[in-house]
Structure formats: structure tokens, C-alpha cells
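**Student:** To start, I am sharing the structure in question, which I have written as C-alpha cells.
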Amino acid sequence: MENEDPEVLAAHADQLNNGAVKEIRRLDMPDGDKAELLCLMRLAERVKHALTPVNPSPAYKQKLRLELLQMAPRGAGCDVVVARPAPHREMVIGAAIGSAVALVGGVAYLIRSYMQHRPHHPDHVRS
Amino acid sequence: MEGEEESVLITRAKNDPLAFAELYDLYVDRVYNYIYQRTGNHADAEDLTARTFLKAFLHLRSYTFRGIPFAAWLYRIAHNAVANWYRDRHRHQIVSLDAVAELSGDDERPDDSTQDNEEKKALLEAIQRLPAERQQLLILKFSEELKNADIARIMGRTEGAIKSLYHRTLLALREELHRGKGA
Chain E
5 MENEDPEVLA AHADQLNNGA VKEIRRLDMP DGDKAELLCL MRLAERVKHA LTPVNPSPAY
65 KQKLRLELLQ MAPRGAGCDV VVARPAPHRE MVIGAAIGSA VALVGGVAYL IRSYMQHRPH
125 HPDHVRS
Chain G
-2 MEGEEESVLI TRAKNDPLAF AELYDLYVDR VYNYIYQRTG NHADAEDLTA RTFLKAFLHL
58 RSYTFRGIPF AAWLYRIAHN AVANWYRDRH RHQIVSLDAV AELSGDDERP DDSTQDNEEK
118 KALLEAIQRL PAERQQLLIL KFSEELKNAD IARIMGRTEG AIKSLYHRTL LALREELHRG
178 KGA
């Protein structure tokens, strides 16, 4: 009997959309199964009620239509141009400062290494 | 619209981009409604509807009628746009207070209206906790009022699979509602 549930519920959903729900009492099934189905049908009716269709505003529709028509002369086969947001000025400056600090650090490290490993020339050594 | 008429429109739109406006006029309400039901607010619905039609416009030449109606193709684009929107922005769906308020507009009994609104809000929240494909199914079935065969084409399944998914979706939704009440 359970295998029939999807069929019965689908038929009920179609009836909901058509605005004519027939009584389920005629279904030939045990009371327990019928109660389960009735519970799901009541839930479907609530879902139908909750998902009321919503339309866009006429102004929005008109605006989008106009935008699409303005694109039309360029043709539907044109490449998609994805507008990437321009990097923020602060980010560019920050990146530049970061690079400069890294560069200075690198130079300082090289100088320090050079100073540590360079050959010593003791004062007491005389030529 | 019959498949043949639609096919003529699409051919015209492929050759004359200005003719795309006719396809837009036919489907903009449905696409917008679908996206609104998924996102729960008008601002994002407007943004994603624009993206959907822009993508459809730019890729119209690649569309070929192979048993998938143009509407199904549009819904798939819209579905992917919503999925990307969630993924990219890590957003969570919200129940639109506008929608709840709109529902109460016709009710003359304030007490009942408040209770109805609470129930509707809880129901919408439970729907939004369902996996994306189950939300899609409920919206296509009840808000767009599509037939199972059409839903099957959009979701790339058989009609029987859609009926089974609908059954499982109602069971899961009932479970979500119970969970919501317990929380």
C-alpha cells in the first residue's frame, strides 16, 4: 500500500493546483495509512498556501528588458565580460608597503650575513 | 506555449537578438518568482533574475531543443545562479517578512492572522532547511504550478522519480517542522 502513496500525493498536489481537491475517504486503505496520507495532504495544502507566487515590480521588469535590448545590437554571440571590482586603493598601497618591507628585510639579511662571514683582518698581524 | 511556437521564437531570437525580448516577456515572472522563493527577498531576486536572463541571452546560440523546453533551460540557469549565490556568499536563506505581511493582508481577524503568520513563518523556515533540490521541487510544484512531467525535465529525472521525491520531501518537511517546534 505504501507504494501507492507517491501516486496519491502527486494526484492530490495536481488537484491543489487545479483548485479542486476530492475527498480521500473513498480510498480503499486501512485507517492508519489513510490518516498518514491525510496528514501529508494537509501539510501539502499549507505549503501551497505558503508559497504564494510573487511577481517582480513593473518598473524592474521594464528596466531589465531595456538593458537586455541595449545589449542586443552587440549580439548574443559576444563574449561574456565579467566585470571584476577594481582593487581598492588601500589594498594596492598595503601591498606596495608589504613588498618594500620584505625587500628591505632581505637586503638587511644579506648585509648581516656578509658582515658575519667576511674575512677578519686582526690588527696585530703585520705584513 | 506549444513547443513549436516556442521553437520559432527561439530561432528568431538566435538570429535577431532583439527578438529575445519576447522570450523575456514570456518567462520573466516565472523566473523571478522561482528565485524569490529560493532567496526570500526582492533585492537578491532582482539581481539573480537579471543574471539569469543575461546568461540566457549570451548563451542562447548554444541552446538546442532536445526534449528540454526553453523554460526548463531557464530554470536550470536560475537554479545554478541561486546555488552559486549561496556558495559564493555563504548566505543563509531568510524568511521574507514581506511575504508574511502580504499573507496577512486579507485577513480581517488580527488574532488568527498573527497565528497564521507564525505558522507560515515556521513552515517557510522548515522548507528553507530542506536540501536545495527538495526546495526546488516544492517551488516548481506549488508556486510555479508545473506538472510532474515538466518538473522531471527541469530536474533531469523521470516522472516517477519526481513523485517519489515529492513523497519523501513531505515526510522530511514534517520532520523539520517537528524539529523546529522542539528547538
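In the order they appear, the protein sequences are chains E and G.
Sequential numbering from 5 applies to the first sequence in our numbering.
Sequential numbering from -2 applies to the second sequence in our numbering.
Ideal placement from N, C-alpha and C gives every residue a C-beta, glycine not left out.
As the structure is a computational prediction, the values presented were derived from the model and not from experiment.
Distance, Cα to Cα, A53(G) vs N81(G)?
**Tutor:** As a working note, residue 53(G) is residue 56 in the second sequence. As a working note, residue 81(G) is residue 84 in the second sequence. Whole-angstrom Cα-Cα distance: 16 angstroms.
**Student:** Tell me whether H164(G) sits in a helix, a strand or coil according to DSSP, three-state version.
**Tutor:** Along the second sequence, one-based indexing puts residue 164(G) at 167. Looking at H164(G) - three-state DSSP - the assignment turns out to be helix.
**Student:** Along the alpha helix (DSSP H) that carries E40(E), what are the first and last residues, could you check?
**Tutor:** Position 36 of the first sequence, counted from the start, is the residue given in the question as residue 40(E). Element bounds for E40(E): 35 to 54.
**Student:** Would you kindly work out how many angstroms separate the C-alpha atoms of D44(G) and I148(G), rounded to a whole number?
**Tutor:** Position 47 of the second sequence, counted from the first residue, corresponds to residue 44(G). Position 151 of the second sequence, counted from the first residue, corresponds to residue 148(G). Computed Cα separation, rounded: 24 angstroms.
**Student:** What residue range does the alpha helix (DSSP H) around P10(E) cover?
**Tutor:** In the first sequence, residue 10(E) corresponds to position 6, counting from 1. Counting along the chain, the alpha helix (DSSP H) containing P10(E) begins and ends at 9 to 22.
**Student:** Examine the Cβ distances between the region 31 to 47 of chain E and the region 14 to 31 of chain G and report whether three or more of them are shorter than 8 angstroms.
**Tutor:** At 8 angstroms Cβ cutoff, the stretches do not touch.
**Student:** Which term fits T190(G), buried or exposed, when burial requires 16 or more other beta carbons within 10 angstroms of its beta carbon?
**Tutor:** Since the displayed chain G opens at -2 and closes at 180, residue 190(G) lies outside it and no answer follows.
**Student:** Considering just the uninterrupted stretch of the alpha helix (DSSP H) at T36(G), what are its terminal residues?
**Tutor:** For the purposes of this step, residue 36(G) is taken as the residue at position 39 of the second sequence. Its alpha helix (DSSP H) spans residues 17 to 36.
**Student:** To the nearest angstrom, how far is it from the Cα of V12(E) to the Cα of M75(E)?
**Tutor:** For the purposes of this step, residue 12(E) is taken as residue 8 along the first sequence, with counting starting at 1. For the purposes of this step, residue 75(E) is taken as residue 71 along the first sequence, with counting starting at 1. If you take the alpha carbons of V12(E) and M75(E), they lie about 48 angstroms apart.
**Student:** Between R150(G) and the rest of its own chain, which residues show a CB-CB distance below 8 angstroms, the 5 nearest in sequence each way excluded?
**Tutor:** The sequence position of residue 150(G) within the second sequence is 153, counting from 1. Cβ within range, chain order: G64, I65, P66, A69.
**Student:** Residues in the region 131 to 146 of chain G with C-beta within 9 angstroms of chain E's C-beta atoms, listed in sequence order?
**Tutor:** Per Cβ criterion, the list reads L135, I136, K138, F139, S140, E141, E142, L143, K144, N145.
**Student:** Have a look at G157(G), L51(G), E130(G) and flag the residue whose alpha-carbon is nearest the alpha-carbon of E8(E).
**Tutor:** For the purposes of this step, residue 8(E) is taken as the residue at position 4 of the first sequence. Nearest C-alpha to E8(E): G157(G).
**Student:** Please classify E115(G) as buried or exposed, where buried requires at least 16 other C-beta atoms within 10 Å of its C-beta.
**Tutor:** If you number the second sequence from 1, residue 115(G) lands on position 118. Exposed, because fewer than 16 other Cβ atoms sit within 10 Å of the Cβ of E115(G).
**Student:** Can a CB atom of chain E be found closer than 8 angstroms to the CB of F17(G)?
**Tutor:** Your numbering for residue 17(G) matches position 20 in the second sequence. Interface residue, yes.
**Student:** Go ahead and pull the three-state DSSP assignment for R181(G).
**Tutor:** Chain G is shown only over -2 to 180; residue 181(G) falls outside these bounds and no answer can be derived.
**Student:** Within this structure, are the beta carbons of V147(E) and F139(G) separated by less than 8 angstroms?
**Tutor:** Because residue 147(E) is not part of the residues shown, which for chain E are 5 to 131, the question remains open.
**Student:** How big is the Cα-Cα spacing for K118(G) and Q112(G)?
**Tutor:** The residue labelled residue 118(G) in the question sits at position 121 within the second sequence. The residue labelled residue 112(G) in the question sits at position 115 within the second sequence. Taking the straight line joining both Cα atoms gives about 10 angstroms.
**Student:** What number of angstroms, rounded off, separates the C-alpha of Q1(G) from the C-alpha of A17(E)?
**Tutor:** Within the second sequence, numbered from 1, the residue matching residue 1(G) stands at position 4. Within the first sequence, numbered from 1, the residue matching residue 17(E) stands at position 13. The sequence as given places Glu at residue 1(G); Gln does not occur at that position. Cα to Cα, the separation comes out at about 28 angstroms.
**Student:** Does the distance from the C-beta atom of L120(G) to that of L73(E) stay below 8 angstroms?
**Tutor:** Working through the second sequence from its first residue, we reach residue 120(G) at position 123. Working through the first sequence from its first residue, we reach residue 73(E) at position 69. No, these two residues do not count as a Cβ contact at 8 angstroms.
**Student:** Does the CB of V51(E) have a neighbour CB from chain G at under 8 angstroms?
**Tutor:** By one-based count along the first sequence, residue 51(E) stands at place 47. Closer than 8 angstroms: yes.
**Student:** Compare the C-alpha of T8(G) against each of L57(G), T46(G), A42(G) and name the closest.
**Tutor:** Numbered from its first residue, the second sequence carries residue 8(G) at position 11. Of L57(G), T46(G), A42(G), the residue nearest in Cα terms is L57(G).
**Student:** Rounded to whole angstroms, what is the Cα-Cα separation between A10(G) and Y29(G)?
**Tutor:** What you label residue 10(G) is simply residue 13 of the second sequence in a count that begins at 1. What you label residue 29(G) is simply residue 32 of the second sequence in a count that begins at 1. Going by the C-alpha atoms only, they are around 21 angstroms apart.
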